[in-house]
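Here is the structure we will look at.
Chains as they are written, first to last, in the numbering used here: chain W, 360 to 469; chain Z, 7 to 117.
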């Protein structure tokens with residue numbers, strides 16, 4: 360019973376590099392979300408999806424893109440990483456119930 | 007724009023004492039969540055509160071919701087060291103259930 364799985368767990372990038380964070384859930388949830396967590400702050404919503412093939416912007420979408428080609432997967436992309444994107448990224452799934460969170464990806468941009 | 011304010015930001019408690027964490031939100035919402043986060047870990051769901059006057063309890067933690075005041079509280083009774091963590095409230099609901107989080111309360115319980 361994996362729940363929500365995020366890969367990778369850690370990553371260090373140089374400014375300008377690109378990467379994709381993968382989120383996979385095995386609970387058949389329609390709704391999936393990407394959040395970022397910065398020190399001293401709560402989680403902030405980046406993008407979300409209400410079903411396969413759909414995406415929408417959250418509070419802080421700039422600099423990120425997402426895709427939901429399969430119901431169980433939600434990808435978060437950084438096309439040109441910036442130091443301001445250094446953060447811990449959490450994926451979650453669920454709707455009108457407590458969202459299930461992954462273990463997070465710690466991303467550092469140098 | 008929905009805003010969620012949580013206080014205090016940091017709470018240092020002696021074991022055995024009681025205290026309350028407050029969560030205020032700015033616009034109407036139909037559900038409020040409390041989560042716990044241990045250092046370097048993911049978020050663990052504690053409570054979901056759906057209606058005015060809702061009260062839920064689990065062990066030494068009790069959460070309540072006053073939708074008229076737009077206020078939720080998380081009360082800690084007779085704190086123990088194992089409760090040391092960061093606690094977040096989050097407001098959701100609507101047709102997307104997007105969560106808006108408070109800044110979190112870092113709780114430290116000492117002997």
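From the three backbone atoms N, C-alpha and C, an ideal C-beta is built for every residue, glycine too.
- [ ] Could you tell me whether any Cβ in chain Z is nearer than 8 Å to the Cβ of residue 390 (chain W)?
- [x] yes
Open item on the list: If you reduce the DSSP assignment to three classes, tell me which class residue 456 (chain W) lands in.
Closed with: coil
Open item on the list: Can you find the residues in the same chain that come closer than 7 Å, C-beta to C-beta, to residue 364 (chain W), ignoring five residues on each side of it along the sequence?
Closed with: 383, 461
Open item on the list: Within 8 Å of any Cβ in chain W, is that where the Cβ of residue 26 (chain Z) sits?
Closed with: no
- [ ] Taking residue 48 (chain Z) as the query, report the chain W residues whose CB atoms sit under 8 Å from its CB, ordered along the chain.
- [x] 449, 460, 461, 462, 463
- [ ] Examine the Cβ distances between the stretch 101 to 108 of chain Z and the stretch 70 to 77 of chain Z and report whether three or more of them are shorter than 8 Å.
- [x] no
TODO: Have a look at residue 380 (chain W) and residue 99 (chain Z) and give me their C-alpha separation to the nearest angstrom.
DONE: 26 Å
Task: Burial state of residue 97 (chain Z), where buried means 16 or more other Cβ atoms lie within 10 Å - done: buried
Open item on the list: Helix, strand or coil, according to DSSP, for residue 72 (chain Z) in the structure here?
Closed with: strand
Open item on the list: Suppose you measure from the CA of residue 20 (chain Z) to the CA of residue 113 (chain Z); what does that come to, to the nearest Å?
Closed with: 11 Å
- [ ] Could you list which residues in chain Z have their beta carbon closer than 9 Å to that of residue 409 (chain W), in chain order?
- [x] 101, 102
- [ ] Starting from the C-beta of residue 81 (chain Z), find all residues in its chain whose C-beta is less than 6 Å away, skip the five residues before and the five after it, and write them out in chain order.
- [x] 26, 68
Task: Burial state of residue 22 (chain Z) (16 or more Cβ within 10 Å) - done: exposed
Open item on the list: Which same chain residues end up closer than 7 Å to residue 470 (chain W) when comparing Cβ atoms and leaving out the 5 residues on each side of it in sequence?
Closed with: Because chain W is modelled from 360 through 469, residue 470 (chain W) falls outside the range shown and cannot be assessed.
- [ ] Just the C-alpha distance for residue 41 (chain Z) and residue 390 (chain W), rounded to the nearest angstrom, thanks.
- [x] 19 Å
Open item on the list: Can you pull the chain C neighbours of residue 33 (chain Z), defined as C-beta to C-beta under 9 Å?
Closed with: Absent from the structure is chain C; the protein chains it does hold are W and Z.
TODO: Return the first residue and the last residue of the beta strand (DSSP E) that residue 52 (chain Z) is part of.
DONE: 49 to 55
Open item on the list: Between residue 395 (chain W) and chain Z, is the shortest Cβ-Cβ distance under 8 Å, so that the two count as touching?
Closed with: no
Task: residue 84 (chain Z) versus Z:32, Z:115, Z:34, residue with shortest Cα-Cα distance - done: Z:115
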